[in-house]
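Colleague:
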Amino acid sequence: AKIQITAEDGIGGTVNTDNSGNYQFVDQWGKPFLIPGVYTVTISKSGYQTQVQENIFLQPGETKTLDIELLQNMGWLAGSVTDGSAGVSGATVIALHTDSGERYTEVSDSSGRFQFQNILPGSYLITANKVGYSEPEGITVNTDADNIQIVLVKNIGSFYGTVIDKERGTPIARAYIYAVDNHGTYAHTYTNSQGEFSLENLSTQYLYNISASKGGYRGDSKPDISAEDTTALRFELERLYGSIAGKVMTPDQVPLDGVRILAISGATSYSDTTDTTGLFSFVHLPSGHYQVTAKKIGYSSDPPQRNVGLWNGESRTDIDFILSEAICNSITIKGPEKVNNSKPEKYSYIAVTADGRPADIEPIWQVDFPAAIDSLSSSGVLYPKRSYIGPLCLMVTDSYSKVQGSLQLSVYQQLDVGNPGAQISDECGASLVIPDSAVAQGLELHLKKPSLPEVRRKTTKFQIVGEVYEFTPAGSKLQKPASLRLPIPATVQNDKNVIGHWNRNILSWEGIGGNEIAAGTLEVNITQLGSYAVLTEAKPLSIENLSLKPNPFSPLIGSLAIKYEVCSNVTTHPIVTAKIYNMIGDLVKTLLNEEPQTKGLNQLYWDGQTDYGRVALNGRYVLHIIVRDRTGSREVLKPFVLIK
8 AKIQITAEDG IGGTVNTDNS GNYQFVDQWG KPFLIPGVYT VTISKSGYQT
58 QVQENIFLQP GETKTLDIEL LQNMGWLAGS VTDGSAGVSG ATVIALHTDS
108 GERYTEVSDS SGRFQFQNIL PGSYLITANK VGYSEPEGIT VNTDADNIQI
158 VLVKNIGSFY GTVIDKERGT PIARAYIYAV DNHGTYAHTY TNSQGEFSLE
208 NLSTQYLYNI SASKGGYRGD SKPDISAEDT TALRFELERL YGSIAGKVMT
258 PDQVPLDGVR ILAISGATSY SDTTDTTGLF SFVHLPSGHY QVTAKKIGYS
308 SDPPQRNVGL WNGESRTDID FILSEAICNS ITIKGPEKVN NSKPEKYSYI
358 AVTADGRPAD IEPIWQVDFP AAIDSLSSSG VLYPKRSYIG PLCLMVTDSY
408 SKVQGSLQLS VYQQLDVGNP GAQISDECGA SLVIPDSAVA QGLELHLKKP
458 SLPEVRRKTT KFQIVGEVYE FTPAGSKLQK PASLRLPIPA TVQNDKNVIG
508 HWNRNILSWE GIGGNEIAAG TLEVNITQLG SYAVLTEAKP LSIENLSLKP
558 NPFSPLIGSL AIKYEVCSNV TTHPIVTAKI YNMIGDLVKT LLNEEPQTKG
608 LNQLYWDGQT DYGRVALNGR YVLHIIVRDR TGSREVLKPF VLIK
């Protein structure tokens with residue numbers, strides 16, 4: 008602002024305020040130059056109301072402070088926005104002050120009217136815009152104009168068409184479409200999966216340049232296209248091609264031949280093998296992003312993979328690899344241990360060297376029980392048989408080092424509320440027929456085949472023959488009976504067999520019956536999950552299947568193996584005595600003396616030593632075994648020959 012001071016005699020001075028609005032009347036050395044008297048102060052600035060302060064008395068030696076507030080000169084503007092025939096509501100009207108650059112914004116009302124109040128006076132550039140309309144040239148007006156007329160032209164233009172691969176004739180998805188007129192108005196979009204595009208609500212005032220582009224293609228454009236032209240546009244993009252080449256060396260810079268090089272882009276892969284100089288190359292590769300790997304059995308690659316972009320027809324010749332010897336030492340299979348028999352599962356592996364480095368292997372996928380699966384792919388996808396449940400061992404073997412990794416799986420049957428009927432099997436003769444709606448809540452039905460200690464395989468009256476079938480979760484109740492079928496081992500001669508259930512309350516096996524529906528198969532209905540097995544009735548007290556091997560035997564070569572089966576139907580541990588005599592009846596060796604032994608197969612060894620610590624003489628001997636329980640006793644004699 009300009010500050011002018013005038014004395015009564017007409018003498019005075021003029022100064023301007025600084026950026027902070029401060030001012031003072033001093034000479035060039037910063038000293039006051041006003042003399043005492045009466046002054047008039049006039050303050051003025053463009054766009055503001057001039058202020059005059061009169062009769063300002065300045066005493067000798069006085070420094071007077073005079074603060075002044077200037078009021079802006081304010082103006083207004085008003086007018087209408089129409090489409091040529093009717094008012095346009097919701098249009099954004101912008102008033103730009105020509106001198107200061109101050110910007111004001113209003114929105115037209117329902118009739119298209121707008122008004123700016125309390126704005127800086129002066130010249131303004133007025134513009135308006137609304138989505139779906141073309142923005143007109145600006146109008147220059149001065150404040151207090153009250154009938155400004157702005158006409159918006161409704162956008163009714165459009166473009167549509169397709170973008171295709173010129174070489175293949177196939178549509179290109181996600182191609183970028185850009186349309187711009189010579190007034191700077193633009194629109195853009197992307198093609199859909201069929202290569203189609205459309206641009207709508209475009210201005211028809213000017214011609215457009217339209218272009219189509221996508222990474223990996225040479226763009227195409229069409230100039231001077233009217234948005235009123237209804238002809239479908241067709242863009243044909245030429246695919247760009249590039250090349251990849253490199254060398255594979257050992258850490259000692261020795262070229263490595265026979266290395267398989269893979270270049271993968273999406274679902275497409277290309278392969279090459281290095282020559283005796285370690286070189287490889289791929290030519291005429293379609294543009295795109297490639298993952299390049301170098302693999303040779305017994306080696307690890309550094310880096311494991313190279314990422315190469317061929318978007319503009321590049322030729323890359325620096326894709327090199329270093330391969331170090333890496334013999335596989337261990338393999339770990341990665342994937343779920345529980346497998347739903349209705350779904351495939353994908354497995355992978357981690358192969359490492361003895362010092363923990365990654366090892367490249369040629370994997371061979373296998374299972375220990377092929378009858379349990381429909382197929383197993385070379386990439387580790389397991390397809391279980393729909394009717395199978397039970398244990399399954401998944402294995403992967405390195406064909407080069409023969410190192411193997413394994414993972415123990417449990418294939419299960421999913422049972423949900425309202426389940427349909429199902430028949431499942433271990434593919435070895437055991438099966439379970441489950442009726443529909445058999446469970447009150449969803450569960451995973453697993454089958455385990457635990458190896459029980461001998462003490463749990465026998466009761467006073469029964470003995471397990473064959474495997475134990477543990478259906479879990481044990482104790483789960485079935486709403487309807489399920490039919491359980493178990494095989495009778497072919498070695499079982501006893502015809503008094505039943506299916507048994509492990510009673511978790513009394514910790515013992517109990518027979519639950521069973522009908523032999525076919526040769527070697529028992530069937531019974533069950534109402535809960537748990538452990539089941541075929542039980543055969545225990546035989547009365549006896550010693551069976553006694554064998555001595557080798558016979559004759561030499562203690563200089565090895566011991567005499569004595570095998571026999573102890574039977575009893577009143578106890579699980581009959582009392583056994585086993586002694587060796589010479590042919591004149593003298594006791595030579597006591598092997599057992601009134602000791603309890605578990606029913607079933609038992610085994611003893613004699614190394615030829617007598618009870619006196621000497622080696623027995625050559626000759627014939629007799630083994631005497633006595634077994635007893637509360638029903639009485641049984642004994643058996645068996646001769647053998649000792650030679651040195």
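In terms of our numbering, the sequence shown opens at residue 8 and continues consecutively.
A virtual CB, placed ideally from N, CA and C, is assigned to each residue, including glycine.
Here the structure is a predicted model, which means the values were calculated and not measured.
1) Per DSSP, what are the beta-bridge partners of W372 in this structure?
2) According to DSSP, is P377 helix, strand or coil?
3) On a CA-only basis, which of D16, I146, N522, G320 is nearest V100? Give me that one, please.
4) Given a threshold of 16 other Cβ atoms within 10 Å of its Cβ, counted over all protein chains shown, does S538 qualify as buried or as exposed?
5) Just the C-alpha distance for S220 and S349, rounded to the nearest angstrom, thanks.
6) Just verifying my parser: in three-state terms, what is the DSSP assignment at V261?
7) Just to confirm before moving on: does the CB-CB distance between T578 and L599 stay below 7 Å?
8) Roughly how far, in whole angstroms, is the beta-carbon of T150 from the beta-carbon of G82, given that I think they are within contact range, below 8 Å?
9) Measure the alpha-carbon distance for L330 versus Q312 and round it to whole angstroms.
10) Quick check: the segment 55 to 75 against the segment 84 to 104, are there 3 or more CB pairs under 8 Å?
11) Do the segment 515 to 524 and the segment 566 to 580 touch if we need at least three Cβ pairs shorter than 8 Å?
12) Just tell me which of P559, K484, M256 has its CA closest to the CA of S308.
13) Find the nearest neighbour of K465 within the set K173, Q604, G527, P351, judged by alpha-carbon distance.
14) In whole angstroms, what is the alpha-carbon distance linking S458 and P398?
15) Of the choices F376, I371, P377, whose alpha-carbon is the least far from that of S385?
16) What three-state label does DSSP hand R621 in the structure shown?
17) To the nearest angstrom, how far is it from the Cα of P496 to the Cα of E332?
18) Output yes or no for whether 7 Å exceeds the beta carbon distance between V475 and A540.
19) Is the distance from the Cβ of R246 to the Cβ of E174 below 7 Å?
20) From this set, W509, E544, V505, R225, which residue's C-alpha is nearest E530's C-alpha?
21) Can the beta-carbon of I431 be found closer than 7 Å to that of Q420?
22) Go through its chain and collect everything with a Cβ distance to R110's Cβ below 8 Å, but skip five positions before and after it.
23) For V187 and N216, which I take to be in contact (beta-carbon distance under 8 Å), what is that distance rounded to the nearest angstrom?
24) Going by Cα to Cα distance, which pick from D325, E344, P365 is closest to N336?
25) If I follow the unbroken beta strand (DSSP E) through M81, where does it start and stop?
26) According to the Cβ coordinates, are G316 and I334 closer than 7 Å?
27) Please identify the residue among V266, P646, L292, T283 whose C-alpha is closest to the C-alpha of S276.
28) Could you check how far apart the C-beta atoms of V59 and E15 are, in whole angstroms? I think they sit under 8 Å.
29) Can you round the beta-carbon distance between T4 and V595 to whole angstroms, since I take them to be within the 8 Å contact cut?
30) Among N552, L209, G363, K341, whose alpha-carbon lies nearest the alpha-carbon of Y185?
31) I'd like the list of long-range same chain contacts for S444, defined as Cβ closer than 8 Å, with 5 residues on each side in sequence excluded.
32) Which of the three DSSP states, helix, strand or coil, is assigned to R464?
33) In the DSSP assignment, what are the bridge partners of C7?
34) For chain D, find out if any of its Cβ atoms is closer than 7 Å to the Cβ of Q312; answer yes or no.
35) At a cut of 8 Å, does the segment 268 to 283 reach the segment 294 to 302 through at least three beta carbon pairs?
36) Only counting the same chain, and skipping five residues up and downstream in sequence, which positions put a Cβ closer than 7 Å to that of K161?
Modeller: The relevant details are as follows:
1) V403
2) helix
3) I146
4) buried
5) 46 Å
6) coil
7) no
8) 3 Å
9) 12 Å
10) no
11) no
12) M256
13) Q604
14) 13 Å
15) I371
16) coil
17) 51 Å
18) yes
19) yes
20) V505
21) yes
22) I101, A102, L103, H104
23) 6 Å
24) P365
25) Premise fails: M81 is in no beta strand (DSSP E) and is neither H nor E.
26) no
27) L292
28) With a Cβ gap of about 15 Å, V59 and E15 do not count as contacting.
29) The structure shown does not extend to residue 4, since the chain is modelled only from 8 to 651, so the question has no answer here.
30) L209
31) V424, G425, N426, Q486, K487
32) coil
33) The structure shown has nothing for residue 7, since the chain only spans 8 to 651.
34) This model lacks chain D altogether, as it is built from one protein chain only.
35) yes
36) D90, G139, Y140
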